[in-house]
Structures are given as C-alpha cells and as structure tokens.
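J.: Take a look at this one; I'll ask things after.
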Amino acid sequence: MILPVIMAGGSGSRLWPLSRQLYPKQFLPLSGEQTMLQETCARLSGLQHLPPLIVCGEEHRFTVAEQLRAIHQDHGGIVLEPAGRNTAPAIALAALQALASGEGDPLLLVLAADHVIRDLDAFTKAIQKACESAQQGELVTFGIVPTAPETGYGYIRRKNSNGNNRLDASRVEQFVEKPDWETAQKYVQSGDYFWNSGMFLFRASRYIEELGRHRPAILSSCERAMASAAVDVDFVRPERSIFLQCPDDSIDYAVMENTADAVVVPLDCGWSDLGSWSALWEVSDKDDNGNTANGDVMLYDSRNCYVQSDHKLIAAIGLEDLVVVESDDAIMVAAKDRVQDVKKVVERLKAENRPEAMVHRKVYRPWGFYDSVDAGERFQVKRIVVNPGAQLSLQMHHHRAEHWVVVSGTARVTCGDEQRLLSENQSTYIPLGVKHRLENPGAIPLELIEVQSGSYLGEDDIVRFEDKYSRS
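For what it's worth, numbering that gives the first Met the number 0 labels the leading residue of the sequence shown as 0, then goes sequentially.
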C-alpha cells in the first residue's frame, strides 16, 4: 500500500512578501482556490493509499492541522521536525514512523507540499508505473520531462534507454547540479536528462537500509530521536536534543547519488515547483497581453507582468516584464528576470531583525487568527477572530492591560475569579497582571477588537497557565 509523505517544511522566501517564514508558500492559495498543501492532498485522489503522513516544523503544526481539517482530510500523523536538517533526516523520521505504525512496510510516496501539477492523470499513471520498481526494492525518483533549457533545476541523467519508450523507468546514470544555459540546452536536446523533481517512491525499509549504509550518523540520530518521541494527539515530536545532533543533508546527496538501486521514472504532467514569481506567472492564467492580475488591479498598456493586490488598488501603466505584489505590510516590485534576488531582500530583513521577514500582519493561531490593525507608542489595536468552540489559553501579562469589544458572535470571558458572556457591542477590561481567558462558546466565529496599552506589547509577554494546545 502507498503511504504518501508530504513534506510541508521550508520558508518559501523567494515568494516574499506573500510567503513568510511563519506562513510560507505551501500554506497559501497561489495556483487555485485551495492552498498548495490542500492541493497536494487532493491530487492523491486517483491512488489507493493510506492517509498521508505530514512532516513539518514545530511552528507550522497548527496551520497544517487546520488546513487538513478544513478540507476534511484524514492523515496518519504530523511529524514535527525539531529543527531543519534537510530532506534526508526528514524522510527518515517519516519512514521510522511508518514502520512503527503497524501498517507493515508501505511504499512511501514522498511529495513536496509546494508543487503545481496540472495533468493529474499523467501524475497518477507515473506513480502506478513506479510502484513496480519500488515493490522490487528499487528507489524511484521522478524526473520531469523538460520543456525548455532551465538553469534553476538540478538534472537527472538516465542510462541508455536502448530505444525504450521515453516515459519508461530507467536506471539513474548521474545526478547533475544546476547547469549553465548552454549545458542545459544540450541536456534537453539529448532526451536523456530530466529535471530533478524532488519526488520519490520506495519501501520504508529500503530507504532506512540505504540511509544506514551511506549515512549511518543520520539514521542513528533519527532512530534515537524517534525512540524517545512524544505523541501529542495528532503530533509526533522527535526528541529535540538528540535530533539537533543529526547531520544536515539532502536525500539526493545522502542516498540517491550513492545507492546502486536508483531508478528514474519520467513525469510529463505540467509540473512546477513555484520557486519564484516568474514561475508563478508562467503557470497562471493571462490576458491577451500576457499579464496576470490578481485582486484589485487595473492595467493599461502593460505586457507580460504579474501584478497581485491583497488589499489596495494597484493601477499599472506602461509596464513590461515586471512583478508587482502588495501584501498587508509590504510592496515588492521586481524585474521578472531578477525575481531570484527576492531572497536577498529577505536575508536583509532578517539581518535587520524586521518582522516583515517572519510574519504577516495577520497571524494564524490554533484557535483562529489576529490582525494587527494599528500600533503606536504604548498602544496596539488588533482584530481577533476565534473559531467556534475554540479558546485561548488561560494567561496573564506583566506589562499590558487589554480592552475587548465584541463585534459579532458570543464571547465567554474569564477575568480573575469572574466569568461572563459578552455579545455584540458589549465590552470588558482586562487589568494588567490578572489571569484571563477568551472563549467562543457559539456556533459562529467570534470577532472582537482588542486594544492593548502598556509599557511593553510584545507577543512574548504571555504567561500561560492552562492551554489545550500544549503551549503552556
């Protein structure tokens, strides 16, 4: 049986300002109405498979759980990486969890949560074809049939196909680093090179066996971390201090380039990894002038542009080959052939310790979200939305007081020893240093305005006493 393993880690910095470290591209609806994680789950519908196993970072755990819940997607658990150590350890954690789950020795279908695949039928058929090799103990990687010379991808060279069908499975001859344009052109013309998709299929035990043979230090760290893992409802938490000793390495370097059993199955399915704004433009719908416009956008005499507005009207005149993206707290303008440099902007934001690299103005929490509406010296205003049946932790602040005004829905408020219900247009005051909790006992979302005032308004001024989400 196939067990999908969806890799949902990563920061997606090249799609800033929409993608942020705490809410990266895999959780955004970039190529359709669903988020990229949700689309990844949906494309499994043509396969017989076990509920997918998700691997993500600790900071994204509630986002993953909520997005799966929103589409009624069952899952086999959410494995939380204590820290980023690249794909070889992440897949090892998933393989060890799979072998310990009582499902035997499943075929792990390793997928990234941030890929676009247009031809689902071709995707399904390629996986079914790959199952034959994986069941025989081979480690399958999927090579994307290239549509043009591309210098942004690594390549896979297959051994002589001997006249076989171009889409048949072949032994891997070589993994090749990102080439220059002339070399990439030769690769495409030869017909024996494919883009490295980062998708794989193999038995869980075979991956563990090959990892132990070629990178025993990685396997040892992962085995010991999983042996001491804690299970918290849907979340599997490998032991942090042990996992932090694990070497950092990709599955390509650690296993696929070293094993004698690597096989490539060609995949021609309208694939993109959405690694840049220009890649998103390429897979998006366009008008007669080659423009993609999302949101409140007016274009005049402009060609081959990608323009996206989340809030404000964008009027663009006489533009060509540009990317313009407006988010809640930033605007990014770039030449389409320079969008790879967006990552440099993010690096500078991090170096200057600016919040725009990490979070949006709207921040998602397991109970709902808050949107920072305004802030100034000694005050901050937030719009807070609490999901039906959800509650915030019982908490206290050392440096701020809070005023809450209910806009819609019903709030159950605990303040000290008192508890009361507030409805639309009612308000309450939470003094500094007093234990308090906000709950939504109703069937519709609770929306309120919170005004904070005090000498320090940072999110780290929270002392949690009780928390249903294990954050206390």
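In this text, a Cβ means the ideal position worked out from N, Cα and C, and glycines have one as well.
If you're wondering where the values come from, they're calculated on a predicted model, not measured in any experiment.
What's the call for residue 377, buried or exposed, on a 16-neighbour Cβ count within 10 Å?
T.: Residue 377 should be labelled exposed.
J.: In whole angstroms, what is the alpha-carbon distance linking residue 262 and residue 40?
T.: Rounded to the nearest angstrom, the two C-alpha atoms are 25 Å apart.
J.: Under 8 Å: do the segment 418-433 and the segment 383-403 share three or more Cβ pairs, one atom per stretch?
T.: The segment 418-433 vs the segment 383-403: in contact.
J.: To the nearest angstrom, how far is the alpha carbon of residue 196 from that of residue 421?
T.: Straight-line Cα distance between these residues: approximately 52 Å.
J.: Measuring alpha carbon to alpha carbon, tell me which residue in 43, 323, 79 and 27 is nearest residue 280.
T.: With distances taken between Cα atoms, residue 280 lies closest to 323.
J.: Please name the residue in 184, 191 and 156 whose C-alpha comes closest to that of residue 175.
T.: The residue with the shortest Cα to Cα distance from residue 175 is 156.
J.: Going by other Cβ atoms of all chains shown within 10 Å of its Cβ, with 16 needed for buried, is residue 352 buried or exposed?
T.: Under this definition residue 352 is an exposed residue.
J.: Here's the rule I'm using: 16 or more other beta-carbon atoms within 10 Å means buried, otherwise exposed. How should residue 406 be labelled?
T.: Result: exposed.
J.: If we call anything under 8 Å between Cβ atoms a contact, is residue 51 one with residue 5?
T.: In this structure, residue 5 lies closer than 8 Å to residue 51 by Cβ.
J.: Determine the direct distance from the alpha carbon of residue 268 to that of residue 224, and round the result to whole angstroms.
T.: Going from the Cα of residue 224 to the Cα of residue 268 covers about 37 Å.
J.: What is the C-beta distance between residue 15 and residue 115, in whole angstroms, given that I count them as a contact (C-beta under 8 Å)?
T.: Contact doesn't hold; Cβ gap of about 19 Å is too wide.
J.: Looking at C-beta atoms only, is the number of pairs between the segment 197-216 and the segment 91-109 that lie closer than 8 Å three or more?
T.: The segment 197-216 vs the segment 91-109: in contact.
J.: Assign residue 464 to one of two classes, buried (16 or more other C-beta atoms within 10 Å of its C-beta) or exposed (fewer than that).
T.: Burial call: exposed.
J.: Could you tell me the distance, in whole angstroms, from the CA atom of residue 183 to the CA atom of residue 379?
T.: Approximately 53 Å, taken between the alpha carbons.
J.: Since residue 309 contacts residue 327 with CB under 8 Å, what's their CB separation in whole angstroms?
T.: So it is a contact: roughly 6 Å between Cβ atoms.
J.: Using the three-state DSSP reduction, which class does residue 15 fall into: helix, strand or coil?
T.: Coil.
J.: From residue 38 to residue 416, what does the alpha carbon distance come to, in whole angstroms?
T.: Looking at the two C-alpha atoms, the distance is approximately 46 Å.
J.: From this set, 340, 317, 120 and 127, which residue's C-alpha is nearest residue 275's C-alpha?
T.: Looking at the Cα atoms, 340 is the closest of the given residues.
J.: Is residue 303 closer than 8 Å to residue 317 when the C-beta atoms are compared?
T.: Not closer than 8 Å, so no.
J.: Could you give the distance in angstroms between the alpha-carbon of residue 55 and the alpha-carbon of residue 93?
T.: Spanning the two alpha carbons is a distance of roughly 11 Å.
J.: With DSSP collapsed to three states, give me the class of residue 123.
T.: Reduced to three states, the DSSP call for residue 123 is helix.
J.: If we ignore side chains and look at the alpha-carbon of each, how far apart do residue 306 and residue 355 end up?
T.: In a straight line, the C-alpha of residue 306 is about 20 Å away from that of residue 355.
J.: What does the Cβ neighbour count give for residue 232, buried or exposed, with the cut at 16 atoms within 10 Å?
T.: Per the 10 Å Cβ criterion, exposed.
J.: Starting from residue 461, trace the beta strand (DSSP E) in both directions and tell me its first and last residue.
T.: Element bounds for residue 461: n/a, residue is neither H nor E.
J.: Tell me the rounded alpha-carbon separation between residue 177 and residue 346.
T.: Distance between the alpha carbons of residue 177 and residue 346: 22 Å.
J.: Just confirm the distance between the C-beta atoms of residue 21 and residue 358, as a whole number of angstroms; I'd bet it's less than 8 Å.
T.: That belief holds up - the Cβ atoms of residue 21 and residue 358 are roughly 5 Å apart, short of 8 Å.
J.: When the Cα of residue 273 is compared with those of 3, 27 and 221, which residue comes out closest?
T.: Out of 3, 27 and 221, 27 has the C-alpha closest to the C-alpha of residue 273.
J.: Looking only at its chain, what residues have a beta carbon closer than 6 Å to the beta carbon of residue 192, apart from the 5 residues adjacent to it on each side?
T.: Contacts found: 154, 156 and 186.
J.: Measure the Cβ-Cβ separation of residue 413 and residue 393 and say whether it is below 8 Å.
T.: The answer is yes: Cβ separation under 8 Å.
J.: Rounded to whole angstroms, what is the Cα-Cα separation between residue 121 and residue 382?
T.: Going by the C-alpha atoms only, they are around 45 Å apart.
J.: Under 7 Å Cβ to Cβ from residue 100, same chain only, skipping five residues before and after it: list those, please.
T.: Contacts found: 75.
J.: Return the chain-ordered list of same chain residues with a C-beta closer than 7 Å to the C-beta of residue 204, the five sequence neighbours on each side being excluded.
T.: Same-chain partners within the cutoff: 98 and 104.
J.: Secondary structure at residue 21, three-state DSSP: helix, strand or coil?
T.: If DSSP states are grouped into helix, strand and coil, residue 21 belongs with coil.
J.: Just to confirm, is the Cβ distance from residue 138 to residue 260 under 8 Å?
T.: Yes, the pair counts as a contact, with Cβ atoms nearer than the cut-off.
J.: Nearest CA to the CA of residue 77: which residue from 69, 96, 287 and 71?
T.: The shortest Cα separation from residue 77 among 69, 96, 287 and 71 belongs to 96.
J.: Residue 144 and residue 265 - do their beta-carbons sit closer together than 8 Å?
T.: Cβ atoms of residue 265 and residue 144: closer than 8 Å.
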